[in-house]
Amino acid sequence: MTSIEQIPFRHLKMQVQRKLNQSLLLAEAYFKRKFTMPEVNYELRGIKAGVAYLQKNEIKFNRTLLLENTDEFIRQVVPHELAHLIVYQMFGRVKPHGREWQLVMNEIFNLPADTCHQFDVKSVQGKTFEYHCACQTHFLSIRRHNRIVREKIEYLCRKCKGKLVFVDETE
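Just so we're aligned, residue 1 is where the sequence shown starts under full-length UniProt numbering, counting upward by one.
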């Protein structure tokens with residue numbers, strides 16, 4: 001892992017741009033057409049490493065996760081988000097991590113088609129609230145917890161389909 005102090009952020013941005021250029025060239029050679037370089041910003045917050053905005057041809061990256069996980073972020077996250085834009089431009093609206101996206105990741109970029117990063121998110125996560133269902137413990141974000149409290153909505157476990165129940169530590 002690269003240390004945060006070692007590389008000025010402008011150099012990281014250049015590395016991201018270089019990876020985007022390399023990946024775009026691979027896609028252009030494969031599909032035998034040109035793609036427009038996406039707009040890039042580093043304002044994404046929360047636990048997501050990156051988000052592709054299909055109609056805007058824009059990618060937002062999480063600056064903190066890039067700084068904390070430089071090598072893996074550039075190797076995997078940058079092409080992952082670019083793949084979404086390429087798929088949209090080639091095939092239109094399809095499943096976000098469907099066959100077409102997997103093709104771009106596996107065949108063109110020669111990368112695993114991982115849908116989620118494995119970065120430590122403690123520094124970007126914010127406060128969480130403990131909930132239980134029949135099969136496990138869940139930690140919900142403050143946003144989801146507040147929706148349950150204010151709007152009286154329910155969240156269900158994906159595994160057992162049971163209702164998530166708040167564990168009130170004050171009781």
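For each residue, glycine too, the CB sits at the ideal point set by N, CA and C.
How is the beta strand (DSSP E) around residue i delimited, first residue to last?
i, result
"Leu-44", "Per DSSP, Leu-44 belongs to no beta strand (DSSP E) and is neither H nor E."
"residue 210", "Past the edges of the chain, shown from 1 to 171, lies residue 210, and the structure says nothing about it."
"Thr-128", "128-132"
"His-117", "Neither: His-117 is in no beta strand (DSSP E) and is coded neither H nor E."
"Gly-162", "Taken as a continuous stretch (DSSP letters only), Gly-162 belongs to no beta strand (DSSP E), as it is neither H nor E."
"Phe-139", "137-141"
"Val-51", "50-53"
Excluding five sequence neighbours on each side, which residues of the same chain lie with their C-beta closer than 6 Å to the C-beta of residue i?
i, result
"Met-1", "Only weak support is given to the placement of Met-1: the predicted model assigns it a pLDDT of 47, under 50, and the value that follows is read from those uncertain coordinates. Hits under 6 Å: none found."
"Glu-107", "none"
"Leu-140", "Phe-129, Tyr-131"
"Lys-159", "Cys-135"
"Ser-3", "Residue placement at Ser-3 is poorly supported in this model, since its pLDDT is 46, which falls under 50; the coordinates are not used for a value here."
"Phe-166", "Tyr-131"
"Ile-148", "none"
"Leu-164", "Tyr-131, Cys-133, His-138, Tyr-155"
"Cys-157", "Cys-133"
Less than 7 Å between the beta carbons of residue i and residue j, yes or no?
i, j, result
"Glu-81", "Ile-59", "yes"
"Cys-133", "Gly-162", "yes"
"Tyr-42", "Phe-73", "no"
"Phe-119", "Pro-79", "no"
"Phe-124", "Ile-47", "Checking the displayed sequence, the identity of residue 124 turns out to be Val instead of Phe. Closer than 7 Å, so yes."
Can you find the residues in the same chain that come closer than 8 Å, C-beta to C-beta, to residue i, ignoring five residues on each side of it along the sequence?
i, result
"Ile-142", "Gly-126, Lys-127, Thr-128, Phe-129"
"Gln-102", "Ala-113"
"Gln-22", "none"
"Met-90", "Phe-31, Glu-100"
"Gly-50", "Leu-44, Ile-59, Lys-60, Phe-61, Asn-62, Val-77, Val-78, His-80, Glu-81"
Between which two residues does the alpha helix (DSSP H) carrying residue i extend?
i, result
"Lys-95", "From DSSP, Lys-95 is part of no alpha helix (DSSP H); its letter is neither H nor E."
"Lys-60", "Taken as a continuous stretch (DSSP letters only), Lys-60 belongs to no alpha helix (DSSP H), being part of the beta strand (DSSP E) at 58-61."
"His-11", "9-31"
Leaving out five residues on either side along the sequence, give the residues of the same chain with a beta carbon under 7 Å from the beta carbon of residue i.
i, result
"Lys-34", "Glu-28"
"Asn-57", "Thr-36, Pro-38, Glu-39, Leu-85"
Going by CA-CA distance only, name the one from the options that's closest to residue i.
i, options, result
"Met-105", "Lys-152, Val-77, Ser-123, His-145", "Val-77"
"Gln-15", "Thr-70, Leu-111, Val-124, Leu-24", "Thr-70"
"Lys-122", "Asn-41, Leu-12, Asn-110, Glu-68", "Glu-68"
"Tyr-53", "Ile-47, Leu-85, Asp-168", "Leu-85"
"Leu-66", "Arg-150, Phe-9, Arg-93", "Phe-9"
"Arg-75", "His-145, Lys-19, Gly-92, Leu-26", "Lys-19"
"Leu-24", "Leu-12, Asn-146, Tyr-88, Ala-83", "Ala-83"
"Asp-168", "His-11, Glu-151, Lys-152, His-145", "His-145"
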